[in-house]
Amino acid sequence: MRSTSNPAFRNLPTQQGGYATFDRSGGGMMGGASAYAGAQTSHVDPSRATQETGRPITIDDIVQKTAISGGLALIAGFLTVWSGFTILALPAFIVGLVVALIVIFRQKPSAPLTLTYSGAMGVALGGISAMFPGVALQAVIGTAGVFFGMLVVYKTGAVRVTPRFTKWMMGALIGVVVLMLANLVMSFFVGGGLGLRDGSPLAILFSLVVIGVAAFSLLLDFDAADNAVKSGVPEKYSWYIAFGLMTTLVWLYIEIFRLLTYFQGD
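Numbering (my numbering), first residue to last: 134 to 399.
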């Protein structure tokens, strides 16, 4: 089974005793923390994986769990904006990050943890989105559009997920993470850091590159999910896949939202 860029997918056992992989990055404070969480790796003991029981996972299981998780995030974000409790954004993001690390390292699928992550990140993104309501709606539409667009690309085979493609994507992800961390560190000493997040033409170009990397990393996630179905892993691992896809979508939303705010002059 090929590697994906998603940490949760490293915890997917297969009937052959292997696993899929997973990794994620983002931008700014929220994206930078997501990048750190996504860079972590964990594995499933092959001997334990072969002892897993339960009916085989199906595409319907993945669609259902992902829809529930995404729907919860949208509802949480909407309620945060509607209620005006945007002060909850930072604590919610911290909760989401902690839960993400727990899911990655405990190596066991968990519906409550996946839903907690989705709800917490929904509140966090709702809090930052309240500053630009119009931009938030555009970012939601843009994220959904990229998601379904890349799904069509994957299903039609327009871009094939090969070992070479995976290596290129991993290299791109590492490069993006390094640049974001360098920009964050430099911002403590020089105003604006490396100029990758200040709304300048360079920042716009960087955001477009990051959005492209995030979009194409969805292909790796789809491939990992597809291989999980073909390998017949237990149904409960659909929550891992839902969690992995949610982290990608959160990252993608943050980057699209950030890019759109540049054109608002902030």
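We put the CB at the ideal spot given by N, CA and C, even for glycine.
- Within the model, the alpha-carbon separation for Pro189 versus Glu368 is close to 5 Å.
- Residue pairing for Pro367: DSSP places it in a beta bridge opposite Pro189.
- The beta carbon of Ala253 sits closer than 6 Å to the beta carbons of Ala225, Val228 and Gly229 from its chain, once the five residues preceding and following it are set aside; these are given in chain order.
- Residues of the same chain with a CB within less than 8 Å of the CB of Thr276, apart from the 5 flanking positions on each side, are Leu382, Leu385, Tyr386 and Ile389 in chain order.
- Secondary structure of Gln271 (DSSP, three-state): helix.
- Of the candidates Gln240, Leu353, Leu212 and Leu205, the residue whose Cα lies closest to the Cα of Lys288 is Leu353.
- Residue environment analysis places Ser340 among the buried positions, since at least 16 neighbouring C-beta atoms fall within 10 angstroms of its C-beta.
- Rounded to whole angstroms, the gap between the alpha carbons of Trp215 and Thr295 is 44 Å.
- If you draw a straight line from the Cα of Ala357 to the Cα of Leu312, it comes to about 27 Å.
- Lys300: member of the alpha helix (DSSP H) spanning Pro296 to Ser320, first to last residue.
- In the structure shown, the three-state DSSP call for Ser243 is coil.
- Taking 8 Å as the cut-off, the beta carbon of Thr199 is found no closer than this to the beta carbon of Leu351.
- With respect to the 8 Å criterion, Met319 and Gly326 are classified as neighbours on the basis of their beta carbons.
- If the five residues before and after Leu393 are omitted, its C-beta is found closer than 8 Å to the C-beta atoms of Phe265, Val268, Gln271, Ala272 and Gly275, all from its own chain and listed in chain order.
- Rounded to the nearest angstrom, the Cβ distance from Tyr395 to Gly332 is 4 Å, consistent with a contact under 8 Å.
- When only Cα atoms are considered, Phe211 and Gln197 end up about 21 Å apart.
- For the 8 Å CB-CB criterion, Met303 and Ala348 do not form a contact.
- By the C-beta density criterion, Arg330 is buried, having at least 16 other C-beta atoms within 10 angstroms.
- About 17 Å separates the beta carbons of Ala206 and Gly278, which is beyond the 8 Å limit, so they are not a contact pair.
- For the set Asp193, Ala257 and Leu234, the Cα lying nearest the Cα of Leu221 is the one of Ala257.
- Around the beta carbon of Thr191, fewer than 16 other beta carbons sit within 10 angstroms, so the residue counts as exposed.
- Counting C-beta atoms within 10 angstroms of its own C-beta, Phe355 has 16 or more neighbours from the protein chains shown and is therefore classed as buried.
- Look at Met379 here: in three-state DSSP terms it is helix.
- Considering only Asn316, Val342, Ile261 and Phe322, the residue with the shortest C-alpha distance to Thr213 is Ile261.
- Ala357 sits in a helix when the DSSP states are folded into three classes.
- Shown here for Ser251: same chain residues with a beta carbon closer than 6 Å to its own, the five before and five after excluded, namely Ser202, Leu205, Ala206 and Met379 in chain order.
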